[in-house]
Structure formats: C-alpha cells, structure tokens
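J.:
Number of protein chains: 2
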Amino acid sequence: MTAPRRDSKWWGWGEPERLPELDAAALAMLRERIGELEPWPLARELGEFELPRAQGLPPALVDAVGAENVFDSTEDRLRHATGRGYADLARLRLGALERAPDAVLVPADAAAVRRVIDASAAAGVAVVPFGGGTSVVGGVEPLRGGFERLVSLDLTALRGVEVDPRSLTARLGAGLRGPEAEAALARHGLTLGHFPQSFEYATIGGFAATRSAGQASSGYGRFDALVSAIRLLAPAGDLDTLETPHSAAGPALRELVVGSEGALGVIPEVTVRVRPAPAVRRYEGWMATGFEAGAEIVRTLAQGPGLPTVIRVSDEEETESSLALSGPRGIAGRLFGGYLAARKRAGGALLIVGYEGDEESVARRRALTVRALRGGGAAYLGGVAGRGWEHGRYQGPYLRDTLLGMGALVETLETSHTWSRLEELRAAVGAAIRDTLAAAGTPPLVWCHLSHAYADGASLYFTFVCRARRGEEVAQWRQVKTAACEAIVAHGGTITHHHAVGRDHAPYLEAEIGTGGIEALRALKERLDPAGIMNPAKLLSGS
Amino acid sequence: MTAPRRDSKWWGWGEPERLPELDAAALAMLRERIGELEPWPLARELGEFELPRAQGLPPALVDAVGAENVFDSTEDRLRHATGRGYADLARLRLGALERAPDAVLVPADAAAVRRVIDASAAAGVAVVPFGGGTSVVGGVEPLRGGFERLVSLDLTALRGVEVDPRSLTARLGAGLRGPEAEAALARHGLTLGHFPQSFEYATIGGFAATRSAGQASSGYGRFDALVSAIRLLAPAGDLDTLETPHSAAGPALRELVVGSEGALGVIPEVTVRVRPAPAVRRYEGWMATGFEAGAEIVRTLAQGPGLPTVIRVSDEEETESSLALSGPRGIAGRLFGGYLAARKRAGGALLIVGYEGDEESVARRRALTVRALRGGGAAYLGGVAGRGWEHGRYQGPYLRDTLLGMGALVETLETSHTWSRLEELRAAVGAAIRDTLAAAGTPPLVWCHLSHAYADGASLYFTFVCRARRGEEVAQWRQVKTAACEAIVAHGGTITHHHAVGRDHAPYLEAEIGTGGIEALRALKERLDPAGIMNPAKLLSGS
Chain A
80 MTAPRRDSKW WGWGEPERLP ELDAAALAML RERIGELEPW PLARELGEFE
130 LPRAQGLPPA LVDAVGAENV FDSTEDRLRH ATGRGYADLA RLRLGALERA
180 PDAVLVPADA AAVRRVIDAS AAAGVAVVPF GGGTSVVGGV EPLRGGFERL
230 VSLDLTALRG VEVDPRSLTA RLGAGLRGPE AEAALARHGL TLGHFPQSFE
280 YATIGGFAAT RSAGQASSGY GRFDALVSAI RLLAPAGDLD TLETPHSAAG
330 PALRELVVGS EGALGVIPEV TVRVRPAPAV RRYEGWMATG FEAGAEIVRT
380 LAQGPGLPTV IRVSDEEETE SSLALSGPRG IAGRLFGGYL AARKRAGGAL
430 LIVGYEGDEE SVARRRALTV RALRGGGAAY LGGVAGRGWE HGRYQGPYLR
480 DTLLGMGALV ETLETSHTWS RLEELRAAVG AAIRDTLAAA GTPPLVWCHL
530 SHAYADGASL YFTFVCRARR GEEVAQWRQV KTAACEAIVA HGGTITHHHA
580 VGRDHAPYLE AEIGTGGIEA LRALKERLDP AGIMNPAKLL SGS
Chain B
80 MTAPRRDSKW WGWGEPERLP ELDAAALAML RERIGELEPW PLARELGEFE
130 LPRAQGLPPA LVDAVGAENV FDSTEDRLRH ATGRGYADLA RLRLGALERA
180 PDAVLVPADA AAVRRVIDAS AAAGVAVVPF GGGTSVVGGV EPLRGGFERL
230 VSLDLTALRG VEVDPRSLTA RLGAGLRGPE AEAALARHGL TLGHFPQSFE
280 YATIGGFAAT RSAGQASSGY GRFDALVSAI RLLAPAGDLD TLETPHSAAG
330 PALRELVVGS EGALGVIPEV TVRVRPAPAV RRYEGWMATG FEAGAEIVRT
380 LAQGPGLPTV IRVSDEEETE SSLALSGPRG IAGRLFGGYL AARKRAGGAL
430 LIVGYEGDEE SVARRRALTV RALRGGGAAY LGGVAGRGWE HGRYQGPYLR
480 DTLLGMGALV ETLETSHTWS RLEELRAAVG AAIRDTLAAA GTPPLVWCHL
530 SHAYADGASL YFTFVCRARR GEEVAQWRQV KTAACEAIVA HGGTITHHHA
580 VGRDHAPYLE AEIGTGGIEA LRALKERLDP AGIMNPAKLL SGS
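Chain order of the listed sequences is A and B.
Following this note's numbering, the numbering of the first sequence begins with 80 at its first residue and continues without gaps.
Following this note's numbering, the numbering of the second sequence begins with 80 at its first residue and continues without gaps.
#1: Among A/L176, A/R85, A/G285, which has the Cα closest to the Cα of A/F128?
#2: Could you please give the first and the last residue of the uninterrupted beta strand (DSSP E) stretch that includes A/E490?
#3: Taking the alpha-carbon positions, what's the A/G465 to A/V432 distance?
#4: Checking contacts by CB at 8 angstroms: is B/G338 closer than that to chain A?
#5: At a Cβ threshold of 8 angstroms, is B/G239 touching chain A?
#6: Given a cut-off of 8 angstroms, decide if A/R290 and B/A599 are closer than it, judged by their beta-carbon atoms.
#7: Just checking: is the beta-carbon of B/E334 within a distance shorter than 8 angstroms of some beta-carbon in chain A?
#8: Which residue's Cα is closest to the Cα of B/P609: B/D181, B/E117, B/A133, B/A201?
#9: To the nearest angstrom, report how far apart B/T81 and B/D303 are at their CA atoms.
#10: Provide the residue span of the alpha helix (DSSP H) that contains B/V629, from first to last.
#11: My guess is that A/T235 and A/G162 are in contact by the Cβ rule of under 8 angstroms, so how many angstroms apart are they, rounded?
#12: Between the beta-carbon of B/L452 and the beta-carbon of B/V392, is there less than 8 angstroms?
#13: Please list, in chain order, the chain A residues whose beta carbon lies closer than 7 angstroms to that of B/V449.
#14: Taking only runs of the beta strand (DSSP E) that begin and end inside the region 203-275 of chain A, which ones reach a length of at least 3 residues, in chain order?
#15: Nearest-angstrom Cα distance between B/A534 and A/E322?
#16: Below 8 angstroms on the Cβ atoms is my guess for B/G257 versus B/R354; work out the distance and round it to an integer in Å.
#17: If B/W119 and B/G486 are in contact, beta carbons under 8 angstroms, what's the gap, nearest whole angstrom?
#18: By the three-class DSSP mapping on this structure, what secondary structure does A/I597 have?
#19: Count the other C-beta atoms from every protein chain shown that fall within 10 angstroms of the C-beta of B/P138, then say buried if there are 16 or more, exposed otherwise.
#20: A/R156 touches chain B at which residues, Cβ-Cβ below 8 angstroms?
#21: Please confirm if the region 556-569 of chain A is in contact with the region 186-193 of chain A, defined as three or more CB-CB distances below 8 angstroms between the two stretches.
#22: Tell me which same chain residues have a C-beta within less than 8 angstroms of the C-beta of B/A532, skipping the five on either side of it?
#23: For B/D233, which residues of its own chain have a beta-carbon under 6 angstroms away from its beta-carbon, when the five flanking residues on both sides are left out?
#24: When DSSP labels each residue in this structure, what does B/E363 get in the three-state scheme?
#25: Closest Cβ-Cβ distance between B/D151 and chain A: below 8 angstroms?
#26: Output yes if chain A places a C-beta closer than 8 angstroms to the C-beta of B/G624; else output no.
#27: Say whether chain A places a C-beta atom closer than 8 angstroms to the C-beta of B/R290.
#28: For a test of the three-state rule: what should DSSP assign to B/A610, helix, strand or coil?
#29: What residues from chain A crowd round B/S495, counting only those whose CB sits closer than 8 angstroms?
#30: Note down the Cα distance separating B/G91 from B/S530, rounded to an integer number of angstroms.
#31: Is A/P118 helix, strand or coil when you go by DSSP?
#32: Cα-Cα, which of A/A146, A/T491, A/L173, A/L98 is closest to A/E124?
#33: Is A/F226 near the ligand NAP - that is, is its Cβ less than 7 angstroms away from at least one heavy atom of it?
#34: If you draw a straight line from the C-alpha of B/R178 to the C-alpha of B/P615, how long is it?
#35: For the candidate residues A/L588, A/A602, A/A579, whose alpha-carbon lies nearest to that of A/V219?
#36: For a contact meaning CB atoms closer than 9 angstroms, what does A/F362 contact in chain B?
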C-alpha cells in the first residue's frame, strides 16, 4: 500500500501547482477595502516540522490492518493532523502543530475497520475517521479526549460500487472521492449530483457523516436526502438500516447515522439515490435589483413550480467584489463586463441559475424559472456568466491559499433559517462579522449568498476577508467566529447548514438542540461507543 | 370539559349511523370466493361491559389536569382501551376486553401534559398518549409494562394553530384531527395535504408519532417529510428541534421524535410545511394491462418527470373484486361499468391518478403523466372513475364494519421495498396470506395495491377478507398476520410502510433495524424515559 493523500498541498488546498494570482485591479480593490497586506510565507518546509512524539500502537491494532497499512512518517501524520479550515491553514503556515495522530491506519475493507474499532476499544486508543480531510470545522482534529494514543483512520481504501439500475440506487464505499464516485456512476450512465465546493477531495463517507450540501442540492437534494440506506460500525456493534428507507418502523435510525461525524462509529458505505446523467447542463447569469428581490424570486420558485438544479443569489457586496477578485481577463472577466453593463441598476445582485437533465426537462424547468425571474425584475446576463461560475465552482479554496499567502484572513460560515426570518439573520450575522473585525482595526469585506433553498427557508453563506493580525492569527479568527456564532444562535438560525459541527461548532450545539437533544445524543454516544474512543470532543464538546 | 371522543361508534369505525350495505351482486361474489358467512353480531351493549376494576390515581396526577378533566366512566375507559385494528374490533364485538386504562386524562395545554408526565413518573403510572385512537397495530393498547396503574392521555384539547404564511409553515396542536387542521388552514388559503384513510379521526400528533402516509403523499410527501420542527415532552425533559430543519448540526433529532410512537414522550405540537390550497382537484381512472405494467408506469414517473398528487395501482384481483364490493348502483357502479368496458383487455389493473394545484400546474403535470400512462399501454377510463375513488376514499373502515358484522375477517397490512425487489415481495406476502388462510379452511380474497411511490421504490398495501373462524377470531388473525410479517422480513421489506410498529409489529423490529438499532433505541428510551412509563411495550417489545 502506498501512503494515502499525497496528491495535494500539505499546507493548503488541492493540486500543489495550482495557485491562482490576482490581477492589478483586484489587488487595488482589496487594498482600498481592507488595507495594505503584508505577505505571509510558510514558516517552514514539511521536512522541518516537529510533531509531538508518536506513541507506539498496541500490536493488536497493527495486526487489525496489517503492518503495511500503518503509516507513521512525519508527512503522513501531518497530512492527517488537520482539516482545511482557516485555523488549520494558519497553523500549517505558522509551522507549528500542537497535535498529530500517532499513526495513520488504512483498512482495506469494512472487516478491517471492525478489527481496528475492536482493538482500539480494547486498548483505549482514540480513533478519528478520516475521509477527504476537507473539514473546515475541526472535524478531523486529533483530539485525544483523555486517551494517550490516537490513530487517524484513513478510509481511502473503501471503494466499492454496486449499482441497482432499476431502483436507481448505488451502494458506494465511504472512501470514494466525489470525482471517483461520479466516474464510477458515469460508467452506468448515472450521476449522484452532489457537488460541494470540496467535491474534488471530499469523500462519500464524509458527505454522509457531515450532512453535506452541494452546489446543485436545490435540484438533486442535500446529501442527507440522497441517502437511502447506511451502515455504521460502532464499538458496540453494527447498525444497518433497511434497504428501503420508506418505512414507519419507529424513529429513523438512518438520520442518526447521517450527521454522526465519526462520534458514534465509522460509516464504511452508503447507499444513495442516483439519477440518469444529464444530457444537458445549462448555467446562466441573471441580475436582480438587489439581494432581497433575488431571494424573493427563489422563494417564489421553491414554494411554487420548483427550483432549478442550481440557484444562487449573491448579495450586492459579493456581486461587486467577488467578481472583481476573479480578475477581468478570464471568463470571469467577461462575466464582469456583462455585469457592469447590467449594473446601470445600482446595487444589483447576481443570480446563477443552472438546469441539468434531458433537453425537454431543462426547457420545461427553464421556462418556469425564467418567468419567475422576469416577474421578479431580474435581467438576463447570458450564458457566459453561468459558464464563468461553472469554471470557478471549485476555485474558492485555491483563491483562499493565494489570499492567505498575501497576508489575509479568509473564512466562510453558513447558516439557514425560515423565509420569514432570513433577512433578520443575514443582517445580524453580517453586522457581527463587520463590527468585530472593524473594532479590532482590521475592517473586512463581507459577502453573503443564498445557495440552497427550500419551500420553508434558505441557507446563507458568508465569506469574509480582512488583514490577518500577524502573531495573533488564530485568536483573531476565533474572535470573529465566536461573534458570528453568537449572532446566529441569538436569531434562531442553525449553527451550520452544511459544514457540520466538528470541534468549532460543538460549543453551540446545546443552544441549537437544547438540553434534551444533548441528552439524547449523549445516550446514543454512551451506548454505541461506551469507551468513548470515537472522534473524541467532536459533535458533543464534552465527550 | 365534556368527555372526549363520543362522536364515533364505540364498537367500530366513525359515524354511528353510517354502515354501508353490500348489494346482491357483491354478496354473491363474496359467497363464491370465500364461502358462506355467518352473521357476527355484537355480543353485548356498551353498558353491559365489565372492565377490569380501575385503580385509583395519585392525587398529584388528578391535580395535574384538574379533576374536571379526569374521566373514568366505563364508556370513557372503553373508548380509550383499543385502537381500530381487526383484533380490537373483534374484541369489542366479542364483548370482552382484558385491559382498559384506569382513567382518561384530558390536559388543557402542554403545561398540563408536562405535569401529567412528571406526576406519573414520580408515582409510577404508565401513560398511553392517545390521539385519534385509530391505530391498527395496537399502538394505544393499555399495556401496563409492570406498572399497577395506567392512564390514557387524551390530547384532544391541544388545538393551537399558528401560521407563518411567508415560510409556508404552520405550528399545529397535536390534538387537531385531520379535518380540523385542514379547516383551520383553509381559513388562510392553505392545505397540509395529508389524507390517510383515517383522516376523519386521526390527529396531527398521531400522524407524527406514527410516520403516517396519506393518499396524496406521492404529491405532498409523507408526513415525516412535512414535519419541519417538533416538540417532545419526555419524562427526562423537553426536546425542541430548531425552527429550521435544514441543518448539518449532527444527527437529526426531529427524525427521532417523528415515529417515536409515544414511547419516548408526548408530542404536544408539530410544525409542518403547508401549501396554498389547490384551486383544482382532478382525479381520474386509467386501466393498465396488469399490475406490473401499472407499477412500471409509476416507476417511470417517479424516476423521471415526477409523480402526480395521487397515484394508485390496484392489482388484478383488487381491480375486479373491490369494485364489485362497492356495488353497481352508486358512483362506484358507474366506474364499474366503465371498468367492464375497458376490461376487454383481460386482467387489467386500475390506476387512480389525481392532480391538485393551480390550473396551470395541474395541466402541466397531467400532460407528463398522461404521456407515461399512454406510453405504458394504459387506457383512459375517465373522470367518473376518479370521482368514484374520491367519493369512497375514507369508506374502507366503514365497509370493514359491515363485513365483520356479516362474519368476515378483514385486515390490511402494508410494506415497501425497492423497485428491484417489489415484485418478489408482492408475490411472497400474497402467497403467505393466501396459503395460511386456505390451509386453515378459510380461503381469502387478497387484494394488493401500490399507493405510495418514490424514485427508488414503492409501497404495497394488502387487504384480505375471509370467513372469521368463530370462537377463534383473534387466534386466526394472529396466525395470518404472523405469516405475512415473516414473509415481509424474509424478503427484506419494511415491516410497516405507514401503520407504525405499535404492539403488533414490535416483535419484528429487530429483524428490521438489527441489534445495533434496537440498542440505539433502548439507549434513547432509557435516557428520555428512565422509569419506563411512556407507552410501555410498544415500539420496543421488551420495554
């Protein structure tokens, strides 16, 4: 077995060679809005890291996967020591990690996962399930929860694909990355339709464990809605839900495993709903008169004839400055030109609208959507705008690396609420981010978009950029993250629409689900994982 | 407070005066198929029942609701002693109930429910939450689970209605019956769209507690899909889910409360998704060449352009004989005429297809559906067939009373599976019912229909009628029910698609959710209801 996950930057996102540059106009805009940035280079090379000394593993745990599937080099430990949130990237850039797993185990199949769990429970070794390692909320942080030893359980090798073409379902191994799953399904003429920004690296197991939502979830459904059956290997035993999810046999245990974030056990495979691969993919841009008008169009569609496959409304700030950041030369530049032309109406809000399906269904749904768009006062920007979005749909994390290197703090966070309280929540969270950072002398750019809609409400996704406070990078981040979370909780939004709880949101879970909810989760945790070895201190902060 | 639930037959279903008769043709068909029936009159009047002696209640429990809301007459105890399954009706007809609650409590609001739970937990009194009392699986049976005293907690008085017209949600009191909830929503121009056969008596709380599905669930969604937020008053404390359900904050606790069947606590209110009341309701009949061809049409729709609001496919036996049973004179008779005309194709399968919405949406969806119907070889029967179905949509339980009085056993049961295994399951369950009853000398009529469809699978609903074995009515029922359940389990179907677990399905729950699933539910039960007072021996048979 070769070591897993060597195909991305150790210090940032994705392909090592890919690091987009900003052009002069974008740089000028940034400087004007957030001030002069001071470059933030990597403090050291990978080989120079000093990780905490690795504890030896019990022989039974090595035997569980076979010695050839145990990796304990500095590189492998480091590559499994963090996710890809801002705080992770800051620590890597600063060249200092307080924590790392003692080793990375790569089980070949579900039986080996079971052996790892049993051996770990017997010997008191903490286990952190590791999918794509793309968590932005500390979901894979090697927190020991009182155990002396901790292993990262890399699920890369769980790669089964079993398709039921008649029922349009597929059983997929947890370790398949987004593109791998799509490629396997494409051989059957099918698609899963799950495209989060982390698509290129995140895995099927991670999608399920975190209740992921993707850019096309308005059309295909959130990942939780795509799961038809699921398996959990818990320390106390296996939990398999029935092949059919359409049952009235008590509480839905499927919905307990989905979102369990490795804290109850390991998800080795997921059965998902799949669809015929679309013959047509059509994305286009529209310009609404403002964010609220754009959101109202989306509400009309969600409560009426239905949503297109993709629908996203950027607020005025995001419409203006995120396009500027993409640079005027590329496809985004052409979009930017169209945008400027359309922007004779001041303060417009960009909508990206996409349709996937066969030709007839795309035409039918587009006709209904266009009527709502025109009825809501939106102006057509054309297909170039849509293709610009498509081209850049997985680019955000690459651009984040660029901005960090320039000396910026870049973070995203997301929430959702009912339509009747969405605007209140948007104002409160935006103000919390702006005010906190401005008061600390690092005024931010704050962008917001709505990218997942439902009949009863929608998500809000915030991105903000400001000068990193050098020497206090993580503390600065924690301060603004705390302010945003408190604003969300105060206004009744969810603490996370699709990033999951992990470590960062765990302190706010009780505000969301109440003491009764916490008690219910604790009861499950204690029964399914009596020794408490599974992903300690995630989801439930005290666990 | 007047005593609750006096507006229906004490010994059967619904309005006391309503007892449809079968005409000569239907009687002849029945006689030919299942043999001569021997009338089965009520053994005694309500006033002649001897119930087990009522145990006195602890004063704190009386105080919890106020003495004026405690009902302990024989009639009130008897009316809360059973649901409306065949075994319930047989026991009432036989004039002998082994069990009854000691009293019926009618809390005025959620605070009174909380006081009842606390007082019951303190004094060791079992509590059976009672909604519409329409359970057909023993869900409200007064099983004491080792406690000396048991109360039926009648939730009739929980009747709040709070509408959020912008988010299209409504918070509804658990005690509202289907028509009451619809009437309240109609005042806002809205509908819930949940119409199970028990609609006229079943309640909002019961829909949630049992994961109900209704006749229009293909269009509006199962009740579990309509719940956006829910409240549980458990002995250990309250559990409130967030106003927005679109969250990645861990396991979905909403999905633990939905389907909890009173075993974890009481659901005092449910927030549901609502929709504009449809301007148009159009139901029509089609005739497919057979059940499999009809099911294939439904699969095409579910996996393609989407389902109409109502879609139901009767198998050949149900198509032929259930129409005959409805009698040739009424609307159903006109349908029957159309059916006969269309049936020059032998062995046809009746489809009922319904569309609800505004005129344009009905026309649009109908065009897509009609194309699939014609493509699948179905012939149009016209609107009379649809109106016949509409007229009789809540009639089944009334007809059951008639048949019981004539001396028949009548039972229904339901399951679901993926499309790839649906036919296998249908054959196995049908054979189990037929063979068991035929071998015992009471050959049945067995009907099956598909009435809820999904992209990945569909439900199957079986109805069967045979001669009741007098003196062994309940044992006869148990024998065939057991055979059917075992066939379902053996073929991987769910033990219940929408009737819930209750008492009757509890022995099969482990086969469905595994020991891991049972452990998870037990952990929740023990934490949320440490004394075990909530609906003992339901859902989890050993609890």
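Even for Gly, the Cβ is constructed at its ideal location relative to N, Cα and C.
T.: Answer, in terms of the structure:
#1: As a working note, residue 128 of chain A is residue 49 in the first sequence. Ranking A/L176, A/R85, A/G285 by Cα distance to A/F128 puts A/L176 first.
#2: Residue numbering aside, residue 490 of chain A sits at position 411 when the first sequence is read from its first letter. Residues 487-497.
#3: Start at 1 with the first residue of the first sequence, and residue 465 of chain A comes out as number 386. Start at 1 with the first residue of the first sequence, and residue 432 of chain A comes out as number 353. So the two alpha carbons sit approximately 7 angstroms from each other.
#4: In the second sequence, the residue the question calls residue 338 of chain B occupies position 259. Yes - at least one Cβ of chain A is within 8 angstroms of the one on B/G338.
#5: Numbered from its first residue, the second sequence carries residue 239 of chain B at position 160. No - not a single Cβ of chain A is within 8 angstroms of the one on B/G239.
#6: One-based indexing of the second sequence puts residue 599 of chain B at position 520. One-based indexing of the first sequence puts residue 290 of chain A at position 211. Their beta carbons are not under 8 angstroms apart, which means B/A599 does not touch A/R290 by this criterion.
#7: Position 255 of the second sequence, counted from the first residue, corresponds to residue 334 of chain B. With 8 angstroms as the cut-off, B/E334 counts as an interface residue toward chain A.
#8: Indexing the second sequence from 1 puts residue 609 of chain B at position 530. Nearest of B/D181, B/E117, B/A133, B/A201 to B/P609, Cα basis: B/A201.
#9: Within the second sequence, residue 81 of chain B is the residue found at index 2, counting from 1. Within the second sequence, residue 303 of chain B is the residue found at index 224, counting from 1. Distance between the alpha carbons of B/T81 and B/D303 is about 32 angstroms.
#10: Outside the modelled stretch of chain B, which goes from 80 to 622, sits residue 629 of chain B, for which no answer is possible.
#11: On the first sequence, position 156 is the one that residue 235 of chain A refers to. On the first sequence, position 83 is the one that residue 162 of chain A refers to. Actually they are not in contact, since the Cβ atoms of A/T235 and A/G162 sit about 16 angstroms apart, beyond 8 angstroms.
#12: Counting from one through the second sequence, the residue named residue 452 of chain B turns up at place 373. Counting from one through the second sequence, the residue named residue 392 of chain B turns up at place 313. Going by beta carbons, B/L452 and B/V392 fall outside the 8 angstroms limit.
#13: Counting from 1 along the second sequence, the entry for residue 449 of chain B is found at position 370. Ordered by position in chain A, no residue passes the 7 angstroms Cβ test against B/V449, which lies about 15 angstroms from the chain.
#14: 204-209, 228-233, 240-243, 248-252
#15: Walking along the second sequence from the start, residue 534 of chain B turns up at place 455. Walking along the first sequence from the start, residue 322 of chain A turns up at place 243. Roughly 14 angstroms separates the two Cα atoms.
#16: Taking the first residue of the second sequence as position 1, residue 257 of chain B is located at position 178. Taking the first residue of the second sequence as position 1, residue 354 of chain B is located at position 275. Actually they do not touch by this definition, with Cβ atoms about 15 angstroms apart.
#17: Counted from its first residue, the second sequence places residue 119 of chain B at position 40. Counted from its first residue, the second sequence places residue 486 of chain B at position 407. About 4 angstroms separates the two Cβ atoms, so the contact holds.
#18: One-based indexing of the first sequence puts residue 597 of chain A at position 518. In the structure shown, A/I597 sits in a helix (DSSP, three-state: H, G or I).
#19: The count along the second sequence starts at 1 and reaches residue 138 of chain B at position 59. Label assigned to B/P138: exposed.
#20: Residue numbering aside, residue 156 of chain A sits at position 77 when the first sequence is read from its first letter. Within 8 angstroms Cβ-Cβ: nothing; A/R156 doesn't reach chain B, min ~28 angstroms.
#21: no
#22: As a position in the second sequence, residue 532 of chain B is number 453, starting the count at 1. Same-chain partners within the cutoff: S297, V377, R378, L380, A381, L386, I390, S538.
#23: Locating residue 233 of chain B in the second sequence gives position 154, where the first residue counts as 1. Cβ within range, chain order: P83, V183, V185, F209.
#24: For this step, residue 363 of chain B is matched to residue 284 along the second sequence. Looking at B/E363 - three-state DSSP - the assignment turns out to be strand.
#25: On the second sequence, residue 151 of chain B is found 72 positions in, with the first residue counted as 1. It does not: the Cβ of B/D151 has no partner Cβ on chain A nearer than 8 angstroms.
#26: Chain B is shown from 80 up to 622; residue 624 of chain B falls before or after that span and cannot be answered.
#27: For the purposes of this step, residue 290 of chain B is taken as the residue at position 211 of the second sequence. Yes, B/R290 counts as interfacial toward chain A.
#28: The count along the second sequence starts at 1 and reaches residue 610 of chain B at position 531. In the structure shown, B/A610 sits in coil (DSSP, three-state: anything other than H, G, I, E or B).
#29: For the purposes of this step, residue 495 of chain B is taken as residue 416 along the second sequence, with counting starting at 1. Simply T323, H325, S326.
#30: Your numbering for residue 91 of chain B matches position 12 in the second sequence. Your numbering for residue 530 of chain B matches position 451 in the second sequence. One C-alpha to the other measures close to 25 angstroms.
#31: Translated into positions along the first sequence, residue 118 of chain A becomes position 39. Coil.
#32: For the purposes of this step, residue 124 of chain A is identified with residue 45 of the first sequence, where counting begins at 1. Residue A/L173 is the option with its Cα nearest to A/E124.
#33: Only the bare structure without any ligand can be found here, which leaves the ligand NAP out of the picture.
#34: Your numbering for residue 178 of chain B matches position 99 in the second sequence. Your numbering for residue 615 of chain B matches position 536 in the second sequence. Taking the straight line joining both Cα atoms gives about 14 angstroms.
#35: For the purposes of this step, residue 219 of chain A is taken as the residue at position 140 of the first sequence. The option with the nearest alpha carbon to A/V219 is A/A579.
#36: Taking the first sequence and counting its residues from 1, the one referred to as residue 362 of chain A is at position 283. Note that residue 362 of chain A is Tyr in the sequence shown here, rather than Phe. What A/Y362 touches in chain B: nothing, since even the nearest Cβ is about 22 angstroms away.
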